[in-house]
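Note sheet for the following structure.
Right under this line is the structure:
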């Protein structure tokens with residue numbers, strides 16, 4: 003049986019890697035004595051899958067994991083037991099059982115919401131900048147890829163919404179995952195190429211507020227019934 007949980011990764015652990023995060027969860031599951039299912043073979047391990055990796059240094063308010071269990075316990079009890087064995091900075095918010103044949107997180111999640119703490123070298127008009135930015139037919143950038151040739155990419159079809167919550171707090175809803183992935187650094191680069199007063203934003207100034215499944219122009223959490231029963 004499969005349980006899908008939402009969790010937060012906050013400032014105290016922002017610099018641990020994706021693999022270190024997985025190891026942290028596996029240790030907490032063992033200490034919590036959860037009836038976790040294990041893989042077969044020479045080196046069995048807890049069957050755990052996390053959503054798209056969070057960049058090292060970035061905080062995430064609504065991340066997800068899938069955990070396979072070999073016996074059912076109340077989801078609320080699982081949450082409490084796990085949280086009692088997690089370090090400061092990581093906390094399960096809620097968890098739900100989902101069908102065993104539900105799409106994986108990597109396959110289902112297709113949208114991310116990022117909050118940027120902006121930096122400026124001069125005066126700006128946030129609403130006007132974002133309006134001009136989203137009105138463009140193309141927003142082309144060069145994507146730098148490790149061990150591969152750089153390629154040109156049009157971000158515009160992958161940018162769904164942009165808004166200024168305050169002068170220095172800008173929120174972007176973007177495509178993520180296999181269907182088209184927007185890197186936060188690329189959004190900043192595209193903006194700075196348009197507006198000279200916008201400065202480069204370090205990863206610690208970006209928060210991933212949420213990961214969602216975008217369906218019929220609406221955003222759903224990946225354990226919503228409409229998603230897992232699709």
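Numbering (our numbering), first residue to last: 3 to 232. Built from N, CA and C at the ideal position, the CB exists for glycine as well.
CA-CA distance, residue i and residue j?
| i | j | result |
| --- | --- | --- |
| residue 80 | residue 41 | 20 angstroms |
| residue 225 | residue 125 | 43 angstroms |
| residue 83 | residue 34 | 5 angstroms |
| residue 122 | residue 30 | 42 angstroms |
| residue 148 | residue 187 | 15 angstroms |
| residue 184 | residue 168 | 23 angstroms |
| residue 45 | residue 24 | 16 angstroms |
| residue 165 | residue 73 | 45 angstroms |
| residue 55 | residue 127 | 33 angstroms |
| residue 99 | residue 57 | 27 angstroms |
| residue 91 | residue 206 | 15 angstroms |
| residue 215 | residue 136 | 22 angstroms |
| residue 63 | residue 114 | 11 angstroms |
| residue 208 | residue 200 | 15 angstroms |
| residue 88 | residue 198 | 44 angstroms |
| residue 47 | residue 14 | 26 angstroms |
| residue 178 | residue 141 | 17 angstroms |
| residue 210 | residue 37 | 31 angstroms |
| residue 203 | residue 118 | 8 angstroms |
Tell me the residue span of the beta strand (DSSP E) that contains residue i.
| i | result |
| --- | --- |
| residue 64 | 61 to 70 |
| residue 4 | 4 to 11 |
| residue 198 | Element bounds for residue 198: n/a, residue is neither H nor E. |
| residue 52 | 50 to 52 |
What does DSSP give as the partner residues of residue i in its beta bridges?
| i | result |
| --- | --- |
| residue 175 | 115, 163 |
| residue 217 | 220 |
| residue 212 | 115 |
| residue 142 | 156 |
| residue 38 | 71 |
| residue 168 | 171 |
Nearest to residue i by CA position, among the options, is which residue?
| i | options | result |
| --- | --- | --- |
| residue 7 | 13, 52, 21, 154 | 52 |
| residue 160 | 218, 147, 189, 151 | 189 |
| residue 144 | 138, 154, 98, 176 | 154 |
| residue 132 | 196, 70, 3 | 196 |
| residue 172 | 191, 129, 179, 142 | 129 |
| residue 93 | 174, 27, 213 | 27 |
| residue 77 | 203, 3, 107, 219 | 3 |
| residue 162 | 111, 219, 198, 106 | 219 |
| residue 96 | 102, 103, 104, 85 | 85 |
| residue 138 | 210, 192, 49 | 192 |
Along the chain, where does the alpha helix (DSSP H) containing residue i start, and where does it finish?
| i | result |
| --- | --- |
| residue 20 | 20 to 33 |
| residue 203 | Residue 203 -> no alpha helix (DSSP H), and no H or E assigned at all. |
| residue 132 | 128 to 137 |
| residue 230 | 227 to 230 |
Any heavy atom of the ligand MG within a distance shorter than 7 angstroms of the CB on residue i?
| i | result |
| --- | --- |
| residue 131 | Among the components modelled here there is no ligand, and therefore nothing to report on the ligand MG. |
Kindly say whether residue i, judged by its beta-carbon, lies nearer than 8 angstroms to any beta-carbon of chain B.
| i | result |
| --- | --- |
| residue 121 | No chain B is part of this structure, which consists of one protein chain only. |
Query raised in the report: Residue ranges of each beta strand (DSSP E) run of no fewer than 3 residues wholly in the stretch 73 to 126, ordered along the chain?
Result: 92 to 100, 113 to 119
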